[in-house]
Every structure is written in structure tokens, then in C-alpha cells.
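Protein chains in written order, with UniProt numbering: chain A, 1 to 134; chain B, 1 to 134.
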């Protein structure tokens with residue numbers, strides 16, 4: 001069912017410093033910061049030949065990554081995102097298998113303008129999993 | 001400097017259950033478990049079209065992931081691995097930038113039989129980074 005690894009998201013306490021680390025120290029191509037107020041984050045995309053790393057920093061009040069950064073002051077890997085062809089079919093299969101979909105179970109429009117869902121970490125080896133329909 | 005994302009490693013408390021989750025619930029192709037006593041882990045490879053997920057479980061005494069699983073009882077993302085062309089050149093550039101290389105700074109033979117190094121999470125946005133020469 002799952003296809004490509006779309007991205008790995010890393011929550012960071014200092015977006016400028018993390019961007020410099022990936023650009024200057026690791027020598028990767030990085031984007032300009034992109035504010036996504038509807039998702040409560042500012043994101044910098046690190047472009048690798050086969051996938052992306054997304055550096056996430058809280059934006060505004062009630063950002064979904066604030067709690068994570070309180071627990072992980074230096075930052076850390078926040079989630080992985082796998083691509084699916086049909087997000088509703090994927091959701092229904094997962095629910096039939098007993099996996100928990102976060103929120104109300106309806107896909108939202110993700111950071112790339114495509115439908116996404118998040119799955120409960122306890123059902124996926126302690127890992128927050130995003131599914132994105134591509 | 002860094003190239004492809006070689007893999008994302010997820011430490012799991014129950015390798016059979018995590019393998020079943022990726023195979024049956026997420027519908028991915030998974031390998032048989034492979035014991036790597038010299039690395040203190042048993043690994044299952046999840047093959048995605050563009051990269052791999054590696055499910056790691058402790059093997060033997062003093063496994064390098066035992067402490068991580070004590071802190072993350074449900075499992076969690078342990079590290080990311082980026083490919084480099086020349087690991088000694090990469091190491092020297094990183095050290096010149098002030099980044100800390102773990103251990104004695106000499107590459108070891110990694111789980112894929114290739115030279116690897118690990119970098120200090122505090123220097124890389126809270127993320128344990130493995131470099132693998134390909």
C-alpha cells in the first residue's frame with residue numbers, strides 16, 4: 001500500500017541554525033523558509049536526490065510541534081511521511097486493521113496542498129506516520 | 001556533500017509485531033530478520049521505492065539501542081543515514097566545521113558492509129546522523 005518515503009520531518013528549536021547545518025555543514029540544497037500558518041509551522045525543505053528532509057519550526061500559538069520541542073529541546077525527528085495512491089482506501093484498510101487515525105479521521109490538506117492523514121504512533125512502532133495522497 | 005537518504009532506522013521493542021505492521025497493515029515489502037551480532041541488532045529491511053526503513057531490535061548484551069528503547073518503550077525513530085562519496089573527506093570537512101564525530105572518529109564497517117560514521121545529535125538538530133560511503 002505505501003509507496004515512496006515522501007519526507008522525514010525534523011522539528012528544530014532554531015530554524016536558521018538547522019538550515020545552516022544542512023546547507024553549510026552537510027552541503028545540501030535547502031529552500032527559503034516557508035510560513036504555513038494553517039499548519040502552525042515554518043518549514044525549510046532540504047532537497048536530497050531521492051527524498052526530502054523538512055525542518056519544522058513552530059509558527060504562532062498552538063503549533064502542533066510545540067509540545068514535541070518542549071520534550072526534545074535540541075530538536076528531533078518528528079514524523080515520517082509515506083505516499084499512497086488513494087488516501088480514503090488507505091484509511092479504511094488501516095481502520096479495518098485496528099490502527100488509529102488521528103483527529104476526526106478525515107483527510108486534511110497538507111503542507112504540499114495534497115490530502116494527508118496522521119496515524120497514531122502507538123500503532124506504528126512508536127513512530128508518528130503521515131500518509132499523503134500523491 | 002550528502003547525497004541520497006540511505007535509510008531511516010526505527011528501534012522497535014517487538015520486531016515481529018513491527019514487521020507485521022509494515023507488511024500487513026502498511027502493505028510494504030519486508031525482508032527476513034537479519035542478525036548482525038557485531039552491531040548488536042537484528043534488522044528487518046522495509047523496501048520502499050526510493051529508500052529503506054530499517055527496523056532495529058537489540059541483539060545480545062550491550063546493544064547500542066537498548067538505552068533508546070528504555071527511554072522510548074513503544075519504539076521510535078533512532079537515526080537517519082545519508083550517503084556520501086568519500087567518508088574521510090566528509091569527516092574532515094565536518095570536523096573542520098566543529099561537528100562532533102562519535103567514537104574514535106574512524107569509519108567502521110556498517111550493516112551494509114560499507115564504511116560508516118555517526119555524528120553527534122546535538123550538532124545536527126537533535127538527530128543522530130549516520131554517514132555511509134557508497
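No residue lacks a Cβ here, since even glycine has one placed at the ideal position from N, Cα and C.
Keep in mind the model is a prediction, meaning the values are calculated, not measured.
query: Closer than 7 Å at the beta carbon, the chain A residues around residue 49 (chain B); result: 3, 4
query: Residue 28 (chain A) in three-state terms, based on DSSP; result: coil
query: Closest residue to residue 42 (chain B) among B:123, B:126, B:111 (Cα-Cα distance); result: B:111
query: Pairwise C-alpha distance: residue 87 (chain B) and residue 129 (chain A); result: 31 Å
query: Selection from A:77, A:93, A:100, A:33 that minimises the alpha carbon distance to residue 12 (chain A); result: A:77
query: Euclidean distance between Cα positions of residue 25 (chain B) and residue 118 (chain A); result: 15 Å
query: Straight-line Cα distance separating residue 54 (chain B) from residue 75 (chain B); result: 13 Å
query: Spatial distance of residue 131 (chain B) from residue 63 (chain B) (CA atoms); result: 20 Å
query: 8 Å Cβ cut-off: residues of chain B touching residue 74 (chain A); result: 121, 122, 125, 126
query: Bounding residues of the alpha helix (DSSP H) (the contiguous stretch that carries residue 42 (chain B)); result: Note, residue 42 (chain B): premise wrong, no alpha helix (DSSP H); beta strand (DSSP E) at 41-47.
query: DSSP-derived helix/strand/coil call for residue 124 (chain A); result: coil
query: Close-in-space but distant-in-sequence residues of the same chain around residue 66 (chain B) (CB under 7 Å, 5 per side omitted); result: 58
query: Beta carbon proximity, residue 18 (chain A) to chain B, threshold 9 Å; result: yes
query: Residues that residue 9 (chain B) bridges to, as DSSP identifies them; result: B:54, B:79
query: Neighbour-count burial assignment, residue 96 (chain A), 16 or more Cβ in a 10 Å radius; result: exposed
query: 7 Å Cβ cut-off: residues of chain A touching residue 87 (chain B); result: Within 7 Å Cβ-Cβ: nothing; residue 87 (chain B) doesn't reach chain A, min ~13 Å.
query: Where residue 101 (chain B) falls, given that 16 or more other Cβ within 10 Å makes a residue buried; result: buried
query: Beta-carbon separation (whole angstroms), residue 80 (chain B) vs residue 8 (chain A), contact threshold 8 Å; result: 6 Å
query: Within 9 Å of chain E by C-beta, residues of the region 90-110 of chain A in sequence order; result: Among the chains of the structure shown, chain E does not appear; the protein chains present are A and B.
query: Residue 42 (chain A): contacting residues in chain B (beta-carbon distance under 8 Å); result: The contacting residues do not exist; residue 42 (chain A) stays about 14 Å from chain B at best.
query: Among B:47, B:5, B:39, the one whose alpha carbon lies nearest that of residue 113 (chain B); result: B:39
query: Residues near residue 23 (chain B) in its chain [Cβ-Cβ closer than 6 Å; skip 5 each side]; result: 30
query: Chain A contact residues for residue 10 (chain B), given Cβ-Cβ distances below 8 Å; result: 125, 126, 127
query: CB contact below 9 Å: residue 66 (chain A) versus chain B; result: no
query: Partner residues on chain B for residue 80 (chain A), Cβ-Cβ distance less than 9 Å; result: 8, 10, 53, 77
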